[in-house]
Amino acid sequence: AGAVRTPLSGPAEPPARCVCYGLGRFGRCPAARYQLAFLLLLLDELRVSTGAGGSAGVSTGPVPAHAALSPQVPPARCALFDPAFSAREEAALRALGLCLLPENEEGKHGVEGAATLFYMVHCGKALYNNLLWSNWSPAALSKLVIIGNSFRGIEERLLSRILERDYSYIAKVLKGVEEVALPSHPRYLDTFNDTSVHWFPLDKLQELSPEVWAFVEEPMYQDCEDLEIIRKGE
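Per the numbering used here, the very first residue in the sequence shown carries number 4; after that it's consecutive.
Structure follows, in structure tokens:
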């Protein structure tokens, strides 16, 4: 989790809350359990309280001023959603002090002025695209930090016409994003491969042309052959 400290210690406002999508069936999948463990360590590293009274290694004591990356926030400010969660997994997450989003947002989650960390390891491209669309302004995007699939990797693997047609918000933000890959570890290659920390410096966003911000049509994916996400109501 300390690998995330450097990207988040710059001049941007540090995240005060967290949203996690697509964690998976951690009750039966080792990779999902590792991702959950990393999320809990990350919350501890960033001093984001889970409201768990100190369980799972999450500190509830006073945080030295020199050590805190973000202010202590109210309990249960880390919210999760995955349509695959079982009832037992949902109960386990609540027992850890985390909360659950009530419905499938399809990634369309606005930050509403609060700096927010989005933990989205190995999620579908449409989920990232929807998140960007929901926060499509320099002011809002500058408050996002995304831990998830490398945007540069997405750019390299997709034909440009497909990227621009199906995932236009990822395509348009590439010149306004900074990303740092998570360090690789031989034990967790399949768990965190192709995962980066992304953030959006306000000065870089403001350098993008006005035309970039003028188009704000909601993504619909009519022509997308491999959407990779579960739609609301499915």
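Every residue, glycine too, gets a C-beta built ideally from N, C-alpha and C.
Within the segment 89-176, the runs of beta strand (DSSP E) at least 3 residues long that lie entirely inside it are, in chain order, 119-123, 147-152. When secondary structure is reduced to three states using DSSP, Val219 falls in the coil class, being assigned neither helix nor strand.
In the DSSP assignment, Leu83 falls within the beta strand (DSSP E) that extends over 81-84. Of the other Cβ atoms in all chains shown, fewer than 16 fall within 10 Å of the Cβ of Val219; this residue is therefore exposed.
Distance between Leu104 and Leu96, taken at the CA atoms: about 12 Å. By the Cβ neighbour-count rule, Lys235 is exposed, with fewer than 16 other Cβ atoms within 10 Å of its own. Secondary-structure assignment with DSSP links Tyr24 through a beta bridge to Phe84. Where Glu48 is concerned, the enclosing alpha helix (DSSP H) starts and stops at 33-48.
For Gly30 against Glu92, the beta-carbon gap comes to about 5 Å, under 8 Å, which counts as contact.
Looking at the backbone, the Cα of Asn107 and that of Ile233 are separated by about 9 Å. If you draw a 10 Å sphere on the C-beta of Arg190, you find fewer than 16 other C-beta atoms in it, and that means exposed.
For Val200 and Leu120, the gap between their C-alpha atoms comes out near 10 Å. Residues Ser153, Phe154, Arg155, Ser199, Val200, His201 of the same chain have their beta carbon placed closer than 7 Å to that of Glu182, with the five preceding and five following residues left out of the count.
As DSSP reads the structure, Ala184 sits in a beta bridge with Ser199. With 16 or more other Cβ atoms from the protein chains shown falling within 10 Å of its own Cβ, His125 counts as buried. For Gln209, the enclosing alpha helix (DSSP H) begins and ends at 205-209. Here Lys235 carries a coil assignment [DSSP, helix/strand/coil].
Taken atom to atom, the span from the alpha-carbon of Val114 to that of Pro18 is near 10 Å. In the three-state scheme derived from DSSP, where H, G and I count as helix and E and B as strand, Pro213 is classed as helix. Here His112 has Val22, Leu134, Ser137 as same chain residues with Cβ atoms under 7 Å from its own Cβ, once five neighbours each way along the sequence are excluded.
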